[in-house]
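Asks:
Numbering (UniProt numbering), first residue to last: 1 to 333.
#1: Is residue 175 helix, strand or coil by DSSP?
#2: Quick check on this structure: which residue in 117, 87, 91, 81 has the alpha carbon closest to the alpha carbon of residue 104?
#3: Check whether the Cβ atoms of residue 233 and residue 254 lie closer than 8 Å to each other.
#4: Measure from the alpha carbon of residue 261 to the alpha carbon of each residue in 294, 83, 55, 167, then state which is nearest.
#5: What would DSSP say about residue 94, mapped onto helix, strand or coil?
#6: Quick one: residues in its chain with C-beta nearer than 7 Å to the C-beta of residue 149, no 5 flanking neighbours on either side, listed in chain order?
#7: Between the segment 70 to 78 and the segment 129 to 146, do three or more beta carbon pairs fall short of 8 Å?
#8: Please identify the residue among 170, 84, 177, 140 whose C-alpha is closest to the C-alpha of residue 183.
#9: Is residue 79 buried or exposed, if buried means 16 or more other CB atoms sit within 10 Å of its CB?
#10: My parser needs the alpha helix (DSSP H) runs of 4 or more residues fully inside the UniProt domain "Calponin-homology (CH)" (50 to 157); what are they?
#11: Among residues of its own chain, excluding the 5 on either side of residue 127, which ones have a beta-carbon nearer than 6 Å to its beta-carbon?
#12: Please state the DSSP three-state secondary structure of residue 186.
#13: Contact between the segment 262 to 271 and the segment 234 to 253 is defined here as three or more beta-carbon pairs at a separation below 8 Å; is this criterion met?
#14: Which of the three DSSP states is assigned to residue 222 in this structure?
#15: Helix, strand or coil: which one does DSSP assign to residue 229?
#16: I'd like the span of the beta strand (DSSP E) that includes residue 37, first residue to last.
#17: Return helix, strand or coil for residue 236, following the three-state DSSP convention.
#18: Using the C-alpha atoms, what's the distance from residue 288 back to residue 274?
#19: Using only the alpha-carbon positions, how far apart do residue 290 and residue 247 sit?
#20: Confirm, please, whether the CB-CB distance from residue 162 to residue 84 is below 8 Å.
#21: Could you compute how far the alpha carbon of residue 91 sits from the alpha carbon of residue 178?
#22: Determine which residues share a DSSP beta bridge with residue 181 and list them.
#23: Would you report the Cα separation of residue 46 and residue 222, rounded to the nearest angstrom?
#24: Report the rounded CA-to-CA distance for residue 125 versus residue 157, giving the unit in angstroms.
#25: Here's the rule: buried if 16 or more other CB atoms are within 10 angstroms of the residue's CB, otherwise exposed. What is residue 191?
#26: Which residues in the same chain have their Cβ closer than 8 Å to the Cβ of residue 186, if we skip the five residues on either side of it in sequence?
#27: Here's a check: name, in chain order, each residue in its chain whose Cβ is nearer than 8 Å to the Cβ of residue 268, leaving out the five neighbours to either side.
#28: Quick one: give me the first and last residue of the alpha helix (DSSP H) that residue 272 is part of.
#29: What would DSSP say about residue 168, mapped onto helix, strand or coil?
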């Protein structure tokens, strides 16, 4: 074993393949034709690479806040499929048929297989190139995990901004005819074009007085919520509907659509929206339609994106939307 490790280190440090990468002993213990990939340490220190990881971790934690899941390190927290399962279920609003907790490697890989198949079913029709698999995710390959998360964030139009043109230098170690060989390749994680298109639809929301209330006067938030709920119920009660939680009951757009119809004194045809939305896309359609009705009623275009209403962060967006309606209604009375 020690001879093989020494052989691996010599191969890595050979003049024809200079490298500053620290090779762990386990990375030199390869079977014939097997390969391992490692990120060059200099690439790990790149500010854009660090930013990409931070943005994705923050996004995952935002989405899974109700699950009380906190991700700190992508490769250590996502490799067994548990967090990926919860993330996909939340984003797609669809429960996967997998065991909740799996300790064995076989069980973890079976869960990963199910999760990744569900991901592929979502992404394949849109032409995504799959750059990950069960073995690479379970093997804690950070490059594969990042490719997967970037694809999910873009597919579901996450309310985040991805840094553009992020690439890393990767060292690939292969064993051929008993000898270890290394190559250095540049792996592109995000491109300028795709991120520009994505970030155009995922702008950072400008801050307003309401954001200040959230950040600096949370004690007054309950008073504001109570006033808004009273206002909303004053009108929705005409349809025998009642709101107790704005952040959950407004997230699918149904109540917002009905509220606009009541305030503007018109009937909203049921074929224009989904009265009982079942999928993420149907909820986004409802919220988009409600925003159109708000603009038609003389309100400014909401700063919130429709896709952002149905994520944990959407609490603030729901409050903002109902607050706009509230102040317009009061100003005209």
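We put the beta carbon where it would ideally sit given N, CA and C, even for glycine.
These figures come from a predicted structure and were not determined experimentally.
Replies: Checking against the coordinates, here is how it stands:
#1: Indexing the chain shown from 1 puts residue 175 at position 175. Three-state DSSP puts residue 175 in a strand.
#2: Counting from 1 along the chain shown, the entry for residue 104 is found at position 104. Considering only alpha carbons, the answer is 81.
#3: Along the chain shown, one-based indexing puts residue 233 at 233. Along the chain shown, one-based indexing puts residue 254 at 254. Cβ distance not < 8 Å, so residue 233 and residue 254 don't count as in contact.
#4: Along the chain shown, one-based indexing puts residue 261 at 261. Nearest of 294, 83, 55, 167 to residue 261, Cα basis: 294.
#5: In the chain shown, counting from the first residue as 1, residue 94 sits at position 94. DSSP places residue 94 in coil when its eight states are reduced to three.
#6: One-based indexing of the chain shown puts residue 149 at position 149. These residues qualify, in order along the chain: 56.
#7: yes
#8: Numbered from its first residue, the chain shown carries residue 183 at position 183. Looking at 170, 84, 177, 140, the one whose alpha-carbon comes closest to that of residue 183 is 170.
#9: The sequence position of residue 79 within the chain shown is 79, counting from 1. Buried, by the Cβ-count rule.
#10: 74 to 78, 82 to 92, 105 to 123, 134 to 138, 142 to 155
#11: Residue numbering aside, residue 127 sits at position 127 when the chain shown is read from its first letter. Excluding positions up to five away in sequence, the list is empty.
#12: Taking the chain shown and counting its residues from 1, one reaches residue 186 at position 186. Residue 186 falls in the strand class under three-state DSSP.
#13: yes
#14: Indexing the chain shown from 1 puts residue 222 at position 222. The answer is helix: DSSP assigns residue 222 an H, G or I state.
#15: Taking the first residue of the chain shown as position 1, residue 229 is located at position 229. Here residue 229 sits in helix by DSSP.
#16: If you number the chain shown from 1, residue 37 lands on position 37. Unbroken beta strand (DSSP E) run through residue 37: 35 to 39.
#17: Taking the first residue of the chain shown as 1, we reach residue 236 at position 236. Residue 236 falls in the helix class under three-state DSSP.
#18: Numbered from its first residue, the chain shown carries residue 274 at position 274. Numbered from its first residue, the chain shown carries residue 288 at position 288. Distance between the alpha carbons of residue 274 and residue 288: 12 Å.
#19: Locating residue 290 in the chain shown gives position 290, counting from the first residue. Locating residue 247 in the chain shown gives position 247, counting from the first residue. Straight-line Cα distance between these residues: approximately 15 Å.
#20: Walking along the chain shown from the start, residue 84 turns up at place 84. Walking along the chain shown from the start, residue 162 turns up at place 162. Remark: C-beta atoms of residue 84 and residue 162 do not approach each other more closely than 8 Å.
#21: The sequence position of residue 91 within the chain shown is 91, counting from 1. The sequence position of residue 178 within the chain shown is 178, counting from 1. Looking at the two C-alpha atoms, the distance is approximately 46 Å.
#22: Locating residue 181 in the chain shown gives position 181, where the first residue counts as 1. DSSP, once it has assigned bridges, lists 174 as partnering residue 181.
#23: Stepping through the chain shown from its first residue, residue 46 is reached at position 46. Stepping through the chain shown from its first residue, residue 222 is reached at position 222. Cα to Cα, the separation comes out at about 42 Å.
#24: Numbered from its first residue, the chain shown carries residue 125 at position 125. Numbered from its first residue, the chain shown carries residue 157 at position 157. Cα to Cα, residue 125 sits roughly 16 Å from residue 157.
#25: For the purposes of this step, residue 191 is taken as residue 191 along the chain shown, with counting starting at 1. Residue 191 is exposed by the Cβ-count criterion.
#26: Your numbering for residue 186 matches position 186 in the chain shown. Taken in chain order, the residues that qualify are 167, 168, 169, 170.
#27: If you number the chain shown from 1, residue 268 lands on position 268. Counting only residues of its own chain and dropping the five nearest sequence neighbours on each side, residue 268 has a CB closer than 8 Å to the CB of 257, 258, 260, 261, 293.
#28: Within the chain shown, numbered from 1, the residue matching residue 272 stands at position 272. No alpha helix (DSSP H) contains residue 272, which DSSP labels as neither H nor E.
#29: Along the chain shown, one-based indexing puts residue 168 at 168. Residue 168: strand per DSSP, three-state reduction.
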